[in-house]
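Visitor: Can you keep this structure in mind? I'll have questions shortly.
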Amino acid sequence: MGGSDSPVAYLTFSRHQQQRRGSSKRSGPLNDQPFSGLLRPENLSREELVDVLRAAVVDQKGPLVTLNKPQGLPVTGKPGELTLLSVLPELSQSLGLGERELQVVRASGKETSGLVLLSSCPWTASRLQKFFTHSQRARRPTVTYCAVTDGIPATSEGTIQAALKLEHIDGVNLVVPVKSPSRKDILEGVKRTLSYFRVVATGSGCALVQLQPLTAFPSQLQAHMALQLCPLLGDHTHSARVATVLGQRFLLPAESTRPQRQVLDEALLSRLHLTPSQAAQLPLHLHLHCLYLPGARPRDPPIKLLAPLPSYFSRTLHCLGLHYQ
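The sequence shown begins at 1 in the UniProt record's numbering and counts up by one.
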């Protein structure tokens, strides 16, 4: 990928975010509350979750509502579970939409923070879903994630291609890479996946990376970065596949590697001001930062929506000296 032709959109951190990140040492001991502000849905009532989501609205125009979803909130779940979908009727009422109930147009998984696009108009939702599907087929990125990796990619930008499949191993659903998939594999659920990445900053053996998936597959970005030997910080599923011997990293077979809590070296723990037990609770550092929507008319420029970083993500960047240039 050439630099000027790269489809990766640049991150835009506000001055307020930078000031907040830079002042985190003064706001309290780093050791005491390393993940302050993390959402624990199991500790919330429906009313409290609606209040949290209403406060997380970053844009509301016409039928469209955009939220900055907290990490840890599932979009869907089993009957009776507290999820984004389960409280949409109450959220619609709270936002003054009356009988026009919101539906999810675009969202990422439970462990990912960032933008969620909702619509109270079925026609608008359908139009946008067609736009996302068409953009994906045309290999035009519409979302940009920012992530922190444990390790630094070998190149500053590029593409990651891998055939992936979902496998149920020891009671856990895992995303497993498939080498040289056959036509039979493709028919049986193996999907060829593609992502762009661009390294924004490096420090302390970690990197701030922009990621743009051009295909849709569960945990695609986590699996792709593990294949680059740079698992995402807080990825307690795929990071176990990356082993280190005499300072050299290599991949372990996905099928025979059980998920486990991510293990960080002592130097990194020190920089992050974390104990090993705190590191075991480290949230996934993957944030849907930027979303592009089509303009109202065909020739209109795309609309760009942005979601600020969670406080734990900003704290990590501050600890590691990862600043956007």
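Heads up, the beta-carbon is just placed ideally off N, CA and C, and yes, glycines get one too.
Source: prediction; values computed, not measured.
If we call anything under 8 angstroms between Cβ atoms a contact, is residue 181 one with residue 113?
Guide: In this structure, residue 113 does not lie closer than 8 angstroms to residue 181 by Cβ.
Visitor: On the DSSP letters alone, give me the boundaries of the beta strand (DSSP E) that residue 250 sits inside.
Guide: Unbroken beta strand (DSSP E) run through residue 250: 248-251.
Visitor: Let's test the definition: count the other Cβ atoms within 10 Å of the Cβ of residue 34 and tell me whether it reaches 16, buried, or not, exposed.
Guide: That one is buried.
Visitor: By Cβ distance, which residues of its chain are closer than 8 angstroms to residue 303, with the 5 residues on each side in sequence left out?
Guide: Only 292, 293, 294 and 295 meet the Cβ criterion.
Visitor: So, residue 148 versus residue 39, is the Cβ gap smaller than 8 angstroms?
Guide: Result no, Cβ atoms of residue 148 and residue 39 do not sit closer than 8 angstroms.
Visitor: Flag this pair as yes or no: are the beta carbons of residue 284 and residue 220 separated by less than 8 angstroms?
Guide: Contact: no.
Visitor: With three or more beta-carbon pairs closer than 8 angstroms as the criterion, would you say the stretch 187-199 touches the stretch 262-280?
Guide: Judged by Cβ distances under 8 angstroms, the stretch 187-199 makes no contact with the stretch 262-280, as fewer than three pairs qualify.
Visitor: DSSP puts residue 192 in a beta bridge; with which residues?
Guide: Residue 192 pairs with 163.
Visitor: Under DSSP, the alpha helix (DSSP H) around residue 318 begins and ends at which residues?
Guide: Element bounds for residue 318: 311-320.
Visitor: Examine the ligand SAH and report whether any of its heavy atoms sits within less than 7 angstroms of the Cβ of residue 317.
Guide: The ligand SAH is not part of this structure, which contains no ligands at all.
Visitor: Tell me, please, whether the CB atom of residue 189 is closer than 8 angstroms to any CB atom in chain B?
Guide: Looking for chain B here will not work: only one protein chain is present.
Visitor: Using a Cβ distance threshold of 8 angstroms, determine whether the stretch 92-112 contacts the stretch 63-80, with at least three qualifying pairs required.
Guide: Yes: at least three Cβ pairs fall under 8 angstroms.
Visitor: Considering residue 186, what are the terminal residues of the alpha helix (DSSP H) in which it resides?
Guide: From DSSP, the alpha helix (DSSP H) with residue 186 extends over 183-187.
Visitor: Can you tell me the Cα-Cα spacing of residue 93 and residue 48, whole angstroms?
Guide: Rounded to whole angstroms, residue 93 to residue 48 spans 14 angstroms at the Cα level.
Visitor: Helix, strand or coil for residue 243 per DSSP?
Guide: Note: residue 243 maps to strand in three-state DSSP.
Visitor: Closest to residue 207 by CA distance: which of 217, 225 and 216 is it?
Guide: Residue 207 has its Cα closest to that of 225, out of 217, 225 and 216.
Visitor: Per DSSP, what are the beta-bridge partners of residue 157 in this structure?
Guide: BP columns for residue 157 point to 198.
Visitor: Apart from the five residues on each side of it in sequence, which residues of its chain come closer than 7 angstroms, Cβ to Cβ, to residue 244?
Guide: The answer is none, since no qualifying residue turns up.
Visitor: For residue 287, write down the residues that DSSP places opposite it in a beta bridge.
Guide: In DSSP, residue 287 forms a bridge with 113 and 146.
Visitor: CA-CA distance, residue 316 and residue 151?
Guide: Looking at the two C-alpha atoms, the distance is approximately 14 angstroms.
Visitor: Three-state secondary structure (DSSP) at residue 108?
Guide: Coil, per DSSP.
Visitor: Nearest-angstrom Cα distance between residue 241 and residue 228?
Guide: Those two C-alpha atoms are separated by around 11 angstroms.
Visitor: Which residue comes first and which comes last in the beta strand (DSSP E) that contains residue 41?
Guide: Per DSSP, residue 41 belongs to no beta strand (DSSP E) and is neither H nor E.
Visitor: Report the option in 153, 118, 179 and 111 whose CA atom is closest to the CA atom of residue 254.
Guide: Closest option to residue 254, Cα to Cα, is 179.
Visitor: Skipping 5 residues on each side, what residues in its chain have a beta carbon closer than 6 angstroms to that of residue 236?
Guide: Closer than 6 angstroms at the Cβ level, and outside the excluded window around residue 236, lie 261 and 262.
Visitor: Grouping DSSP H, G and I as helix and E and B as strand, with all else coil, what is residue 263?
Guide: Looking at residue 263 - three-state DSSP - the assignment turns out to be coil, as it is neither helix nor strand.
Visitor: Distance check for residue 249 and residue 119, CA to CA, integer angstroms please.
Guide: Straight-line Cα distance between these residues: approximately 44 angstroms.
Visitor: Relative to the C-alpha of residue 251, which candidate in 174, 101, 306 and 231 has its C-alpha closest?
Guide: For residue 251, the nearest C-alpha among the options comes from 231.
Visitor: Give the list of continuous beta strand (DSSP E) stretches no shorter than 3 residues that lie fully inside the stretch 46-90.
Guide: The stretch 46-90 contains these whole beta strand (DSSP E) runs: 57-61 and 64-69.
Visitor: Got a sec? Which residues, its chain only, sit under 7 angstroms from residue 135 by beta carbon, not counting five neighbours each side?
Guide: If we look at residue 135 and ignore the five residues flanking it on each side, its Cβ neighbours are 142.
Visitor: Rounded to whole angstroms, what is the Cα-Cα separation between residue 203 and residue 122?
Guide: When rounded, the distance between both Cα atoms is 45 angstroms.
Visitor: Which two residues bound the contiguous alpha helix (DSSP H) that contains residue 228?
Guide: Where residue 228 is concerned, there is no enclosing alpha helix (DSSP H), given that its DSSP letter is neither H nor E.
Visitor: Taking the alpha helix (DSSP H) that residue 278 belongs to, which residues open and close that run?
Guide: From DSSP, the alpha helix (DSSP H) with residue 278 extends over 276-279.
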